[in-house]
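>
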Amino acid sequence: MLFDFGYVSIRWIWVALTIIFSLIEAFTFGLTTIWFALAAFVMVFLSFLPIPLVFQIIIFLAISATLLIFTRPVAIKKLKIGREKTNVDSLVGRHALVTKQIGEFERGEVKLNGQIWTARSDNDAKINEGTKCEVVRIEGVQAIVRVLSAGEEMSVENK
403 MLFDFGYVSI RWIWVALTII FSLIEAFTFG LTTIWFALAA FVMVFLSFLP
453 IPLVFQIIIF LAISATLLIF TRPVAIKKLK IGREKTNVDS LVGRHALVTK
503 QIGEFERGEV KLNGQIWTAR SDNDAKINEG TKCEVVRIEG VQAIVRVLSA
553 GEEMSVENK
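When the letters of the sequence shown are read in order and numbered with the working numbering, they come out as residues 403 to 561.
(1) Give me, in chain order, the residues of the same chain whose beta-carbon lies closer than 7 Å to that of residue 502; leave out the 5 immediate sequence neighbours on both sides.
(2) Which stretch, first to last residue, makes up the alpha helix (DSSP H) that contains residue 551?
(3) Using the beta-carbon count (16 or more within 10 Å), is residue 494 buried or exposed?
(4) Report the three-state DSSP secondary structure of residue 427 (helix, strand or coil).
(5) Using the C-alpha atoms, what's the distance from residue 551 back to residue 537?
(6) Tell me the DSSP secondary structure of residue 528 in three-state form.
(7) Among the residues of its own chain, which have a CB less than 7 Å from the CB of residue 417, if the five just before and after it don't count?
(8) Could you tell me the alpha carbon to alpha carbon distance between residue 546 and residue 481, rounded to whole angstroms?
(9) Check whether chain B comes within 9 Å of residue 464, counting only Cβ atoms and requiring the distance to be less than that.
(10) Any idea what DSSP makes of residue 413, helix, strand or coil?
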């Protein structure tokens with residue numbers, strides 16, 4: 403055996419690291435330590451070759467960094483981790499009708515998809531009752547709206 407730490411072979415240390423990194427990933431779901439677990443797993447097999455410990459550690463770090471940098475973004479995108487879409491997201495870009503005046507420093511109301519929503523202007527402008535507007539974003543239970551321009555209002559009426 404090339405390296406022994408007391409009665410423990412370096413192979414068993416790589417196995418232990420694989421298990422530890424896998425357990426950390428199982429409890430955190432961050433898609434970070436899984437790449438270190440995969441690199442440690444590869445090192446279990448590479449430890450059968452007569453490679454000095456320093457080079458094994460360098461190879462482990464290189465494999466980990468490569469996996470982390472190049473595959474983590476792809477995995478996050480495919481698994482859609484971090485942002486949970488809701489039905490509220492579909493309201494952004496929809497047109498609404500102001501049912502209660504929106505003031506510069508006060509909230510108003512808009513009718514959106516047949517429901518009344520608390521609303522405020524995206525630029526703190528005053529929007530009068532009966533004005534058509536567009537939902538810019540949703541913040542909690544509040545619709546953030548902007549007034550439609552004349553060209554946009556005509557295209558809404560022609561639909």
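Beta carbons are placed, not taken as given, at the ideal position from N, Cα and C, and that holds for glycine.
Straight from the coordinates:
(1) Looking up residue 502 in the sequence shown gives position 100. So the qualifying residues of the chain are 510, 511 and 531.
(2) Along the sequence shown, one-based indexing puts residue 551 at 149. Residue 551 -> no alpha helix (DSSP H), and no H or E assigned at all.
(3) Taking the sequence shown and counting its residues from 1, the one referred to as residue 494 is at position 92. It is exposed - the Cβ of residue 494 has fewer than 16 other Cβ atoms within 10 Å.
(4) Your numbering for residue 427 matches position 25 in the sequence shown. In this structure, residue 427 counts as helix in the three-state DSSP scheme.
(5) Your numbering for residue 537 matches position 135 in the sequence shown. Your numbering for residue 551 matches position 149 in the sequence shown. Spanning the two alpha carbons is a distance of roughly 13 Å.
(6) Taking the sequence shown and counting its residues from 1, the one referred to as residue 528 is at position 126. In the structure shown, residue 528 sits in coil (DSSP, three-state: anything other than H, G, I, E or B).
(7) Taking the sequence shown and counting its residues from 1, one reaches residue 417 at position 15. Excluding sequence neighbours, residue 417 sits near 446.
(8) For the purposes of this step, residue 546 is taken as residue 144 along the sequence shown, with counting starting at 1. For the purposes of this step, residue 481 is taken as residue 79 along the sequence shown, with counting starting at 1. For residue 546 and residue 481, the distance between alpha carbons rounds to 30 Å.
(9) Among the protein chains of the structure shown there is no chain B, as only one such chain exists.
(10) Along the sequence shown, read from residue 1 onward, the residue named residue 413 stands at position 11. Of the three classes helix, strand and coil, the one that applies to residue 413 here is helix, per DSSP.
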